[in-house]
Amino acid sequence: MLQQVKRSGVRTNFRREHDKKVCCLGLTSLLALPVDQLLGEALERIFRATLDLLVQYKDQLAGRILSLFCLVFSPLP
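Counting in the numbering used here, the sequence shown runs from 88 upward without gaps.
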């Protein structure tokens with residue numbers, strides 16, 4: 088579900104910044120579970136999904152900041 092993309096390459100889920108943050112918080116809360124309740128494969132998938140979402144969030148935030156910077160400092164016609 089986390090890796091689903093459209094043909095254009097755009098993510099189908101967790102497109103907003105808030106969605107990514109909430110999902111990352113939920114995934115990291117799973118890391119507090121006792122070791123006997125998490126299989127090795129599940130732990131790996133949680134880490135990978137969290138890391139992917141954090142990278143996407145960072146890129147989305149950087150893109151928004153760049154677009155705001157260009158808007159503020161663009162020359163007037």
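Backbone N, C-alpha and C define an ideal beta-carbon position, used for all residues, glycine too.
- Within its own chain, the residues whose Cβ lies closer than 7 Å to the Cβ of T99, once the five positions on either side in sequence are excluded, are Q91, V92 and K93, listed in chain order.
- Annotation: the continuous alpha helix (DSSP H) that includes L153 extends over G127 to F160.
- Contact between the segment 150-157 and the segment 125-133 is not established, with fewer than three Cβ pairs separated by less than 8 Å.
- About 12 Å separates the Cβ atoms of L112 and I133, ruling out a contact at the 8 Å cut-off.
- Looking at the backbone, the Cα of D106 and that of Q124 are separated by about 26 Å.
- DSSP places L112 in the helix class (H, G or I) of the three-state scheme.
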